[in-house]
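Engineer: Please find one structure pasted underneath; my questions will follow.
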């Protein structure tokens, strides 16, 4: 019995604790049954002993067979698992590469081998086998999935530096599907002929028909070239439907259709310009259409002859804008704006008007003009001004205003304006449209739902969201010119503009036109004539524009530091530790244009507030507005500026030079 149940004779399956317990329990019951049988009858006990012995042999033999089968099954299963692991490593879709310590290829699986054709790669440095793949592996972030392009393949790359292992998964098929999806996203555009009405006014019906046919044919050829759809909505309005792939192509072409139509029509003595607004990046067609209209409005607000491409919540991209905006506003529009302004004033309990920070004569003159219009309509108007941030010419005007107590009393600080403002007040932003450069941003936010814009600068991407009224005319010489035209439509019984107001507004026009030499049209002289007849004093104008000796010497010093880019662009950078008045920098930029061969000038100076400012001027051939917008500023084609914080003079200068050199390279490439 002892030998039968000894551990050595127990089959291996009984080594399992559970099975061993069952066997012990069974043997114990059998022994107990045999003992009881002998106690009852020795003959009966012998019979039971024989039967139990036979049964135990049968049970143990059966369990031994089961154990053997189980062990065989487990052994086969382990073999198949190991074989599956090996086959998976060799045949699985991800490519596997093991590199040595010196970056030589020690092993690759057969799946990856076919990417190298029949090339023997084992033992060779990865740089020799494929330099592009070696560069991708070297630049890959360890243990991070990254999508890379290797020759014609798109791959997911994963590097395990601890094991010198590289994993590559071919996602070319799925990437091509993604690219096709991205390329076939819808873009919506609107094309507007800026000055169609003005040009066709003096044409015969046949000439108008020929012009319309020419433009339609040119646009049709253009859209066919880039696989787009064109639909004419009106004589001067077209609709464009395109894929994202086509949009990328026409952006690469830089919308040369603008130059084609403008140059061709100019030869016929009726220069026609186009403005285009294109929206993309949204699956909602209604939102795309609204964005396209907004982009077209932005292009027109910037003066026309340009393209604005923009998706919601992304920065706009501008193309064109190479020409000065052409005067196309009418007396009818000036009258309509004047009437709308009167209605808004009558709906307000009081009016606040403010210009941009560090106001010039055009900004303050426009504020005085709006205050006079408000008084003509029997409304209270406050001019918001920070008296500590004014230049000498504006300070001379403020000193003269002391002789006009009612005007002087209307000039208040930003803090006083915030206290006076109510929900029914209205704010007019004059000579600017960017809330970030307004005199009192706090007042703007207080009245942001009751804001009107009066400006002559090209509209930028930063713009109030819900203005009550917008009157932006980039082809006007100045904001004072726009406001002067409104006096004609005010009540003749009201108190007219006084002498100092007329002088300030005429000075604003005079300064912004550089003595009537830039951006000057017939309407400019009409406005100047009206102000002169209203009592504008030419002698006072000269006094306002006088500069002190220090400014004169600083300006000449800046001019001595001039450098040239491409021979036609002058760049000046003042000293890092020297501050300059912004007006002095602007005057230096103006003077540089008087040099022979200079078409554009850029003056970089450190301002009193610590920021670096750039004053940019041109004669119209070079668009300085686009350059300043690239550096966070804006302005006109021929008059622009920017202010940059947290950068040194050298950094700003290098940034400007990089942009100018890139512009020159692009111009040379186009030629």
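In the numbering used here, the protein residues as written are 534 to 1204. No residue lacks a Cβ here, since even glycine has one placed at the ideal position from N, Cα and C.
1. Measuring CA to CA, which of 1120, 871 and 1058 is closest to residue 1088?
2. Can you tell me whether residue 944 is helix, strand or coil according to DSSP?
3. When we look at the beta-carbon of residue 940 and count the other beta-carbons within 10 Å, is it buried (16 or more) or exposed?
4. Short of 8 Å in beta carbon distance, which residues of its chain neighbour residue 1245, apart from the five on each side in sequence? Order them along the chain.
5. Whole angstroms are fine: how far does the CA of residue 1008 sit from the CA of residue 767?
6. Give the single residue among 722, 919, 747 and 741 whose Cα lies nearest to the Cα of residue 731.
7. For residue 647, I'd like the list of residues in its chain whose CB is within less than 7 Å of its CB, leaving aside the five on either flank, ordered along the chain.
8. Where does residue 1198 sit, in a helix, a strand or coil, going by DSSP?
9. I'd like the span of the beta strand (DSSP E) that includes residue 648, first residue to last.
10. Go to residue 904, then tell me how far its alpha helix (DSSP H) extends in each direction, as first and last residue.
11. Near residue 1165, which residues of its chain fall below 7 Å by C-beta distance, leaving aside the five closest residues on each side in sequence?
12. Return the first residue and the last residue of the beta strand (DSSP E) that residue 1172 is part of.
13. When you compare only the Cα positions, how much space is there between residue 769 and residue 727?
14. Taking residue 723 as part of the beta strand (DSSP E), name the residues at either end of that continuous run.
15. Consult DSSP for residue 1113 and reduce its assignment to one of helix, strand or coil.
16. Taking the DSSP output, what are the residues bridged to residue 914?
17. If you draw a straight line from the alpha carbon of residue 1029 to that of residue 752, how long is it in whole angstroms?
18. Counting C-beta neighbours from all protein chains within 10 Å, is the total for residue 679 16 or more, i.e. buried, or is it exposed?
19. Under 8 Å by Cβ, that's how I've got residue 1044 and residue 895 pegged, so tell me the actual separation to the nearest angstrom.
20. Where residue 911 and residue 1059 are concerned, what is the direct C-alpha to C-alpha distance, given to the nearest angstrom?
21. Would you call the region 835 to 849 and the region 810 to 821 in contact, with 3 or more CB pairs under 8 Å?
22. Going by Cα to Cα distance, which pick from 672, 712, 663 and 747 is closest to residue 729?
23. So which of 1092, 1034 and 1075 has the shortest CA-CA distance to residue 1066?
24. What does DSSP give as the partner residues of residue 839 in its beta bridges?
25. Does DSSP classify residue 1183 as helix, strand or coil?
26. Would you say residue 980 and residue 1002 are within 8 Å of each other, going by their C-beta atoms?
27. According to the Cβ coordinates, are residue 985 and residue 867 closer than 8 Å?
28. Less than 6 Å between C-beta atoms, sequence neighbours within five positions excluded: which residues of the same chain meet that for residue 1154?
29. Are residue 778 and residue 771 close, meaning C-beta to C-beta below 8 Å?
30. What does residue 1011 pair with, by DSSP beta-bridge criteria?
31. Under the DSSP definition of a beta bridge, which residues are partnered with residue 812?
32. My output table needs one value for residue 1005: the three-state DSSP class, helix, strand or coil.
Structural biologist: So, to answer that:
1. Minimum Cα distance to residue 1088 is reached at 1120.
2. strand
3. buried
4. The chain is shown only over 534 to 1204; residue 1245 falls outside these bounds and no answer can be derived.
5. 24 Å
6. 741
7. none
8. DSSP places residue 1198 in helix when its eight states are reduced to three.
9. Residue 648 -> no beta strand (DSSP E), and no H or E assigned at all.
10. 894 to 909
11. 1175 and 1177
12. 1172 to 1177
13. 8 Å
14. 719 to 726
15. coil
16. 884
17. 51 Å
18. exposed
19. 6 Å
20. 27 Å
21. yes
22. 747
23. 1034
24. 853
25. helix
26. If you check the CB distance, residue 980 and residue 1002 do not come in under 8 Å.
27. Cβ atoms of residue 985 and residue 867: not closer than 8 Å.
28. 1132
29. No, the Cβ-Cβ distance between residue 778 and residue 771 is not below 8 Å.
30. Answer is none; residue 1011 lacks a bridge partner.
31. 721 and 843
32. strand
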